[in-house]
Amino acid sequence: MTKALKGVRILDFTHVQSGPTCTQLLAWFGADVIKVERPGVGDITRGQLQDVPNADSLYFTMLNHNKRSITLDTKNPKGKEVLTELIKQCDVLVENFGPGVLDRMGFPWEKIHSINPKMIVASIKGFGPGPYEDCKVYENVAQCTGGAASTTGFRDGLPLVTGAQIGDSGTGLHLALGIVTALYQRTMTGQGQKVTAAMQDGVLNLSRVKLRDQQRLVHGPLKEYSQFGEGIPFGDAVPRAGNDSGGGQPGRILKCKGWETDPNAYIYFITQAPVWEKICDVIGEPGWKTHPDYAKPPARLSRLNEIFARIELWTMTKTKFEAMDILNKQDIPCGPILSMKELAEDQSLRATGTVVEVDHPTRGKYLSVGNPIKLSDSPTEVKRSPLLGEHTDEILRQVLGFSDHQVAEIHDSGALDPPRKQAAE
Ligand code: CAO
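Using our numbering, you'd call the opening residue of the sequence shown number 1 and step up by one each time.
Below, the structure written as structure tokens:
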């Protein structure tokens with residue numbers, strides 16, 4: 001079966017997490033992704049959070065599947081020549097360097113566009129144009145500056161960052177969509193263009209419902225927030241709302257059987273209005289179906305703490321999976337809090353390829369998250385990440401068409417050697 005992005009060649013200048021997330025997706029959809037790395041060093045994550053000595057870390061391997069790796073010193077004159085040839089042969093350049101790095105390397109947009117007018121240049125930066133455009137940014141900075149941290153956590157506690165990497169991987173996803181959209185436009189215009197995604201913007205996009213609530217706040221208290229039922233006045237900015245639902249159907253995380261010893265013995269329970277009567281029956285409060293204090297959603301809003309406390313008395317008598325079985329049969333939306341251990345062992349996720357086992361020559365077998373986006377006519381086959389520079393000669397010959405003599409010349413030029421400082425260490 002063919003692949004959706006077969007024939008698309010990506011010059012992958014990405015590192016750490018945000019950019020690699022994007023190019024890994026493109027590789028999974030069938031693009032030929034050529035990762036350019038510094039000789040002897042490579043993507044810094046190869047050596048970060050290492051669990052197996054002398055093997056690429058899981059941080060690196062889990063973000064760089066299905067790519068080829070070429071090492072090239074792009075500050076070396078010969079390295080710049082090779083990079084110029086790569087720009088001619090590729091459709092998209094993806095980068096998430098710090099601000100100004102590509103310009104300092106001698107490859108600003110204007111130059112790339114003149115070398116290859118069809119090339120799409122896609123960039124992730126921490127911020128868009130404005131006061132912070134020159135700042136370097138990591139995940140948690142984006143979560144804090146994009147509105148996620150100020151709205152995550154409990155009202156009387158610190159702002160919190162989340163474990164989901166919405167700044168890095170989230171922005172990588174945004175950029176991937178921008179790239180395929182630009183590729184589509186290119187089929188009509190024949191021209192490349194710049195695609196940029198700022199991490200602050202990506203996080204704000206994912207925190208959109210909180211900007212919704214910010215504006216609703218002007219018209220009165222946010223009645224579905226627990227703080228309303230607790231009689232605590234709202235300030236002028238959207239507060240942290242604990243585990244309250246972000247939508248119009250109130251929800252909470254509730255204890256299940258075993259919560260005293262198991263940190264994940266909890267379930268998310270949503271009191272969706274259309275199934276309210278079924279909820280009343282399940283928890284043993286049939287009188288609430290007609291009682292004026294509970295029968296209709298507006299009446300319930302000031303009593304959410306009491307209602308969820310009563311529901312929790314029921315969930316505490318069941319394990320999270322028993323509760324899930326009972327509630328799902330009644331169409332009551334809920335979800336057990338699944339640990340990473342439970343997800344790693346989940347056979348249905350293995351069956352769909354969302355969790356995959358991959359073999360690697362230096363680290364052995366490991367688990368990864370496969371492609372969460374499933375295309376019926378372009379299935380994903382997850383292949384291990386490349387070793388540093390594994391495909392350097394192959395790319396010089398096969399992609400750039402260099403002869404043995406030219407390849408030897410490049411080797412002699414030092415463009416494939418580690419920087420002197422590292423070589424001496
Ligand atoms: N050959 C020679 N030099 C190379 C090279 C190569 N193949 N690849 C990279 N380099 C050099 C660059 O030219 C640059 O050097 P100068 O600073 O002298 O111009 C340097 O390596 C890389 O700089 P950087 O700013 O990208 O890297 P950093 O480790 O200092 O910062 C990060 C990392 C992530 C904070 C920064 O890249 C950044 O802000 N990126 C944009 C936002 C982003 O994506 N953040 C997410 C990070 S987690 O996913």
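Heads up, the beta-carbon is just placed ideally off N, CA and C, and yes, glycines get one too.
Beta-carbon contacts of residue i that lie in its chain and below 8 Å, excluding the five residues immediately before and after
i, result
"residue 318", "256, 257 and 326"
"residue 278", "330, 331 and 332"
"residue 214", "237 and 238"
"residue 90", "9, 10, 11, 34, 116 and 119"
"residue 49", "57, 58 and 59"
"residue 382", "28, 65, 66, 353, 356, 358, 368, 370 and 371"
Among the options, nearest to residue i - alpha-carbon criterion
i, options, result
"residue 80", "69, 108, 99 and 55", "108"
"residue 265", "137, 283 and 323", "323"
"residue 336", "270, 281, 32 and 359", "270"
"residue 34", "68, 384, 402 and 206", "68"
"residue 248", "222, 75, 404 and 280", "222"
"residue 199", "99, 316 and 283", "99"
"residue 19", "400, 2, 92 and 290", "92"
"residue 191", "297, 75 and 117", "117"
"residue 374", "386, 367 and 351", "351"
"residue 17", "168, 205, 414 and 207", "168"
"residue 60", "297, 37, 296 and 171", "37"
"residue 426", "320, 202 and 372", "There is no way to answer for residue 426, as the model of the chain reaches only from 1 to 425."
"residue 410", "161, 295 and 78", "78"
"residue 276", "296, 121 and 134", "296"
"residue 284", "273, 307 and 115", "307"
"residue 13", "366, 101 and 53", "101"
"residue 205", "173, 220 and 189", "173"
"residue 157", "282, 240 and 408", "240"
"residue 128", "203, 273 and 406", "203"
"residue 134", "112, 121, 140 and 103", "103"
"residue 274", "261, 250 and 292", "250"
CB-CB length for residue i against residue j, believed under 8 Å
i, j, result
"residue 302", "residue 370", "No, residue 302 and residue 370 are not in contact; Cβ-Cβ is about 45 Å, not under 8 Å."
"residue 182", "residue 165", "Wrong, their Cβ atoms sit about 24 Å apart, outside the cutoff."
"residue 126", "residue 142", "7 Å"
"residue 155", "residue 388", "Between residue 388 and residue 155 the Cβ distance is about 47 Å, and since that is not below 8 Å, they are no contact."
"residue 377", "residue 119", "At roughly 27 Å, the Cβ-Cβ gap does not stay under 8 Å, so residue 377 and residue 119 are not in contact."
"residue 368", "residue 56", "Actually they are not in contact, since the Cβ atoms of residue 368 and residue 56 sit about 12 Å apart, beyond 8 Å."
"residue 246", "residue 218", "So it is not a contact: roughly 19 Å between Cβ atoms."
"residue 31", "residue 5", "4 Å"
"residue 15", "residue 44", "6 Å"
Residue i CB to nearest heavy atom of the ligand CAO below 7 Å
i, result
"residue 124", "yes"
"residue 138", "yes"
"residue 133", "no"
"residue 17", "yes"
"residue 96", "yes"
"residue 73", "yes"
"residue 394", "no"
"residue 87", "no"
"residue 275", "no"
"residue 188", "no"
"residue 285", "no"
"residue 410", "no"
"residue 37", "yes"
"residue 168", "yes"
"residue 208", "no"
"residue 101", "yes"
"residue 199", "yes"
"residue 44", "yes"
Sequence-distant residues of its chain with Cβ nearer than 6 Å to residue i (five each side left out)
i, result
"residue 433", "Outside the shown range of the chain (1 to 425) lies residue 433, about which nothing can therefore be said."
"residue 417", "39"
"residue 280", "286, 288 and 289"
"residue 242", "154"
"residue 253", "243, 266 and 268"
"residue 349", "355"
"residue 85", "400"
"residue 149", "143, 159 and 161"
"residue 233", "none"
"residue 312", "254 and 255"
"residue 272", "249 and 333"
Any chain C beta carbon closer than 8 Å to residue i
i, result
"residue 401", "In summary, chain C is missing from the structure at hand, where a single protein chain is found."
Residue i CB to nearest heavy atom of the ligand FAD below 7 Å
i, result
"residue 104", "The ligand content of the structure shown is limited to the ligand CAO, which means the ligand FAD is not among them."
Own chain partners of residue i with C-beta closer than 7 Å, once the 5 adjacent residues on each side are dropped
i, result
"residue 415", "72, 73, 76, 78, 79 and 82"
"residue 393", "407"
"residue 176", "22, 25 and 26"
"residue 292", "299"
"residue 178", "122, 195 and 197"
"residue 170", "202, 203 and 206"
Would you list, in sequence order, the uninterrupted alpha helix (DSSP H) runs of no fewer than 4 residues that lie entirely inside the region 58–133?
-> Listed in chain order, the alpha helix (DSSP H) elements of length 4 or more contained wholly in the region 58–133 are 58–61, 77–89, 101–104 and 109–115.
Considering only residues of the region 372–414, which uninterrupted alpha helix (DSSP H) runs meet the minimum length of 4 residues and lie entirely inside it, listed in chain order?
-> Fully enclosed alpha helix (DSSP H) runs of no fewer than 4 residues occupy 404–413 of the region 372–414, in order along the chain.
Residue ranges of each alpha helix (DSSP H) within the region 288–339, 4 or longer | Within the region 288–339, the complete alpha helix (DSSP H) runs of at least 4 residues are 297–300, 304–315 and 320–329.
Which whole runs of the alpha helix (DSSP H) in the region 220–260 are 4 residues long or more, in chain order?
-> As far as the region 220–260 is concerned, its whole alpha helix (DSSP H) runs of at least 4 residues are 226–229.
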